[in-house]
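What follows is a set of notes on a single structure, which appears directly below.
There are 2 protein chains.
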Amino acid sequence: MKPIAIGELSRRAAVKVPTIRFYEERGLLPTPERTEGNRRTYGEADVRTLRFIRHARELGFEIEDIRALLDLAGHPERPCGEADAIARKHLADIDDRIARLTGLRQEMKAMVEQCSGGDVRECRIIEVLADHGECLSDRH
Amino acid sequence: MKPIAIGELSRRAAVKVPTIRFYEERGLLPTPERTEGNRRTYGEADVRTLRFIRHARELGFEIEDIRALLDLAGHPERPCGEADAIARKHLADIDDRIARLTGLRQEMKAMVEQCSGGDVRECRIIEVLADHGECLSDRH
DNA sequence: CTTGCTCCTCTAGTCGCTGGAGGAAGTAGG
DNA sequence: CCTACTTCCTCCAGCGACTAGAGGAGCAAG
Chain A
1 MKPIAIGELS RRAAVKVPTI RFYEERGLLP TPERTEGNRR TYGEADVRTL
51 RFIRHARELG FEIEDIRALL DLAGHPERPC GEADAIARKH LADIDDRIAR
101 LTGLRQEMKA MVEQCSGGDV RECRIIEVLA DHGECLSDRH
Chain B
141 MKPIAIGELS RRAAVKVPTI RFYEERGLLP TPERTEGNRR TYGEADVRTL
191 RFIRHARELG FEIEDIRALL DLAGHPERPC GEADAIARKH LADIDDRIAR
241 LTGLRQEMKA MVEQCSGGDV RECRIIEVLA DHGECLSDRH
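Top line first, the protein sequences correspond to chains A and B. Take the first sequence: its letter number 49 is residue 49 in the working numbering, and every next letter is one higher. So the working numbering is basically just the index in the second sequence, starting at one, shifted up by 140.
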């Protein structure tokens with residue numbers, strides 16, 4: 001297994017180099033070994049971990065949650081109730097966000113469709129934004 | 141029309157007091173008049189403007205976009221193509237976010253359901269997050 | 001050996017707030 | 001009129017999660 005440089009890790013995990021260093025500083029990634037010339041070297045495990053982190057971030061997990069999950073992953077003998085709790089919390093969260101965004105989409109769509117292409121005077125976009133009472137949805 | 145204090149404005153527009161001052165500093169709210177004792181005083185127009193801002197923020201508009209919209213609103217003689225463009229950009233954005241979140245929801249749901257309640261050893265949550273290839277969706 | 005890329009550390013900036021310190025002004029009750 | 005309480009003022013620091021830049025060193029290919 002040949003060592004992986006930070007740039008390659010960056011490409012393979014689709015995470016920018018400074019962000020990798022940031023994750024290391026925040027304790028999400030283990031302190032990597034260094035070459036003689038003081039460069040970080042990684043292995044395949046780090047690629048997986050970093051993908052895990054990126055993926056979790058895309059799912060909206062906060063750094064703290066991710067650290068908790070990684071801690072858990074590092075201790076396979078512990079029951080996974082905690083990981084489950086974190087994930088469930090996020091499921092609820094995601095449902096909420098989808099509902100909100102769907103409502104907002106309705107409004108935004110209506111706004112765009114009602115725009116007559118004329119002056120701002122008769123532009124519904126600004127009107128609708130100005131008066132919350134005109135919203136199509138009350139989900140927010 | 142009696143003057144409105146910042147606290148009342150805050151309650152009526154559902155925007156925190158420091159956030160109001162922040163918006164003022166960022167040029168989203170006009171510099172308000174002051175009382176003899178140096179307190180900001182607002183009017184009904186400010187309530188509407190602030191609601192406009194809050195609403196736009198909830199829709200995910202950035203401060204810069206909001207400033208552009210407000211500028212437009214202040215010049216009713218200009219054509220509203222720009223407002224339309226901003227709103228359209230956001231509609232596309234929202235659609236994208238909904239699609240992504242829906243995919244993520246699937247995954248998250250599968251994760252939670254597959255959690256056996258046993259050890260981390262057989263916990264799907266960590267596995268699924270660790271390996272992007274197991275995703276149910278390719279939308280992200 | 002030189003060119004050009006990657007990497008190092010460190011610091012500062014981004015966005016959109018949020019909170020606190022320390023003090024002045026306004027208000028309601030006695 | 002005095003006191004107590006609330007609201008407001010300014011200024012400054014901090015949050016999360018990066019992102020960007022300066023200034024310098026290491027390394028691989030031609």
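Ideal Cβ positions, reconstructed from N, Cα and C, are used throughout, including at glycine.
Burial state of Ala45 of chain A (16 or more Cβ within 10 Å) | exposed
Under 8 Å Cβ to Cβ from Arg11 of chain A, same chain only, skipping five residues before and after it: list those, please.
-> none
What's the gap between the Cα of His195 of chain B and the Cα of Thr19 of chain A?
-> If I take the Cα positions, the gap works out to 32 Å.
Closest residue to Ala5 of chain A among A:Thr102, A:Gly43 and A:Ala14 (Cα-Cα distance) | Of all alpha-carbon atoms in A:Thr102, A:Gly43 and A:Ala14, the one lying nearest the alpha-carbon of Ala5 of chain A is that of A:Gly43.
If you drop the 5 nearest sequence neighbours on each side, which residues of the same chain put their C-beta closer than 6 Å to that of Val157 of chain B?
-> Ile146 and Ser150
Kindly list, in the order they appear in chain A, the residues whose Cβ is closer than 9 Å to that of Leu149 of chain B.
-> Per Cβ cutoff of 9 Å: no residues; Leu149 of chain B is ~15 Å from chain A at best.
Taking Ile63 of chain A as the reference, which of A:Arg21, A:Gly81 and A:Gly27 has the closest Cα?
-> A:Gly27
Glu148 of chain B to Arg188 of chain B, Cα distance in whole Å?
-> 13 Å
Kindly list the residues whose CB is nearer than 7 Å to the CB of Ala153 of chain B, restricted to its own chain and excluding five residues on each side of it in sequence; keep chain order.
-> Val187, Leu190, Arg191 and Arg194
Are at least three pairs of beta-carbons, each pair with one atom in the stretch 232–243 of chain B and one in the stretch 78–93 of chain A, less than 8 Å apart?
-> no
Take Thr175 of chain B as the anchor and find which of B:Leu231, B:Pro143, B:Asp233 and B:Ala232 has the nearest alpha-carbon.
-> Nearest of B:Leu231, B:Pro143, B:Asp233 and B:Ala232 to Thr175 of chain B, Cα basis: B:Pro143.
Given that Ala208 of chain B touches chain A, what residues does it touch there, using C-beta distances under 9 Å?
-> For the C-beta of Ala208 of chain B, not a single chain A residue is nearer than 9 Å; the gap to the nearest is close to 11 Å.
Chain A beta carbons: is any one of them nearer than 7 Å to that of Glu199 of chain B?
-> Before going further, note that residue 199 of chain B is Leu rather than Glu in the sequence given. Yes, Leu199 of chain B lies at the interface with chain A (some Cβ there is under 7 Å from its Cβ).
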